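Below: the structure, in structure tokens.
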Amino acid sequence: MTRPQRMSRYRPPQPPSSPYITPEGAARLREELERLWRSERPQVTRAVAEAAAQGDRSENAEYTYGKRRLREIDRRVRDLRKRLEILVVVNQPPADPQRVYFGAWVTLETLEDGHDARYRIVGPDEIDREPGYISMDSPLGRALLGRRLEEQVSVQLPGGLRRFVIVEIEYAADPSH
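Just so we're aligned, residue 1 is where the sequence shown starts under the working numbering, counting upward by one.
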């Protein structure tokens, strides 16, 4: 009789993410930290104090929710402070603007169907901020870094192998396209 194999909860640690960020991304993280620390946290602290003054805390949903929200805020503040300490703000264009480097806007043409797509190569802290931003740590981001204009790139994506050609590279913080 074979025994069922136990599933382990162990997950190997994720590789550290790249420490690079655009000036706009760093400003957004600092604004979020400032908002959480100077505005949201004091409001939640006042609400928790008012809920605590109402008496029995064990059955007070406002108190329980407020305490949970304070823990979430404190965790995010701690994470933002630690991350901002190690981030490197990249604010200069590269020496060779004909290659894809951090911060580039890259227009790709899909070789299979000829569709164009435009992406900005950014750090992992910025990918959820703007549409069209992709992390330099993503498969496509890694494949594009260092490539030249007109160069073909093949990338294994979840949907299968995709092939692209780089049709434009631009290094403007807010391009007018």
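For each residue, glycine too, the CB sits at the ideal point set by N, CA and C. Note that the structure is predicted; figures quoted are calculated from it, not measured.
Following the continuous alpha helix (DSSP H) through residue i, name the residue where it begins and the one where it ends.
{"i": "Ile86", "result": "61 to 86"}
{"i": "Gln43", "result": "41 to 52"}
{"i": "Leu149", "result": "Run containing Leu149: none; DSSP gives neither H nor E here."}
{"i": "Arg30", "result": "23 to 35"}
Should residue i be labelled buried (16 or more other beta-carbon atoms within 10 Å of its own) or exposed?
{"i": "His177", "result": "Unreliable positioning characterises His177 in this predicted model, as indicated by a pLDDT of 46, which lies under 50. A coordinate reading is not provided."}
{"i": "Asp125", "result": "buried"}
{"i": "Thr110", "result": "exposed"}
{"i": "Leu161", "result": "exposed"}
{"i": "Gly25", "result": "buried"}
{"i": "Leu29", "result": "buried"}
{"i": "Ser8", "result": "exposed"}
{"i": "Ala117", "result": "exposed"}
{"i": "Ala104", "result": "buried"}
{"i": "Arg147", "result": "buried"}
{"i": "Tyr119", "result": "buried"}
For residue i, which residues of its own chain have a beta-carbon under 7 Å away from its beta-carbon, when the five flanking residues on both sides are left out?
{"i": "Asp137", "result": "Ser17, Ser18, Pro124"}
Report all residues from its chain with a CB closer than 8 Å to the CB of residue i; omit the five preceding and five following residues, and keep chain order.
{"i": "Glu40", "result": "Ile73"}
{"i": "Ile86", "result": "Pro19"}
{"i": "Glu112", "result": "Arg162, Arg163"}
Hey, residue i and residue j are a contact pair by Cβ (cut 8 Å); roughly how many whole angstroms apart?
{"i": "Val155", "j": "Ala172", "result": "The pair is not a contact, with the Cβ atoms about 25 Å apart (cut-off 8 Å)."}
{"i": "Arg69", "j": "Tyr63", "result": "That pair is no contact at about 11 Å."}
{"i": "Asn60", "j": "Ala49", "result": "Actually they are not in contact, since the Cβ atoms of Asn60 and Ala49 sit about 12 Å apart, beyond 8 Å."}
{"i": "Glu32", "j": "Leu80", "result": "6 Å"}
{"i": "Val77", "j": "Ile166", "result": "Val77 to Ile166, Cβ: 40 Å. No contact."}
Tell me where the beta strand (DSSP E) around residue i begins and ends.
{"i": "Glu170", "result": "160 to 170"}
{"i": "Arg118", "result": "116 to 122"}
{"i": "Glu112", "result": "From DSSP, Glu112 is part of no beta strand (DSSP E); its letter is neither H nor E."}
{"i": "Tyr133", "result": "133 to 135"}
Residues in the same chain with beta-carbon distance under 6 Å from residue i, minus the five sequence neighbours each way, listed in chain order, please.
{"i": "Tyr20", "result": "Val88, Val90, Phe102, Gly123"}
{"i": "Pro23", "result": "Val89, Asn91"}
{"i": "Ala47", "result": "Gly66"}
{"i": "Glu185", "result": "Outside the modelled stretch of the chain, which goes from 1 to 177, sits residue 185, for which no answer is possible."}
{"i": "Gly141", "result": "Ile121, Ile134, Ser135"}
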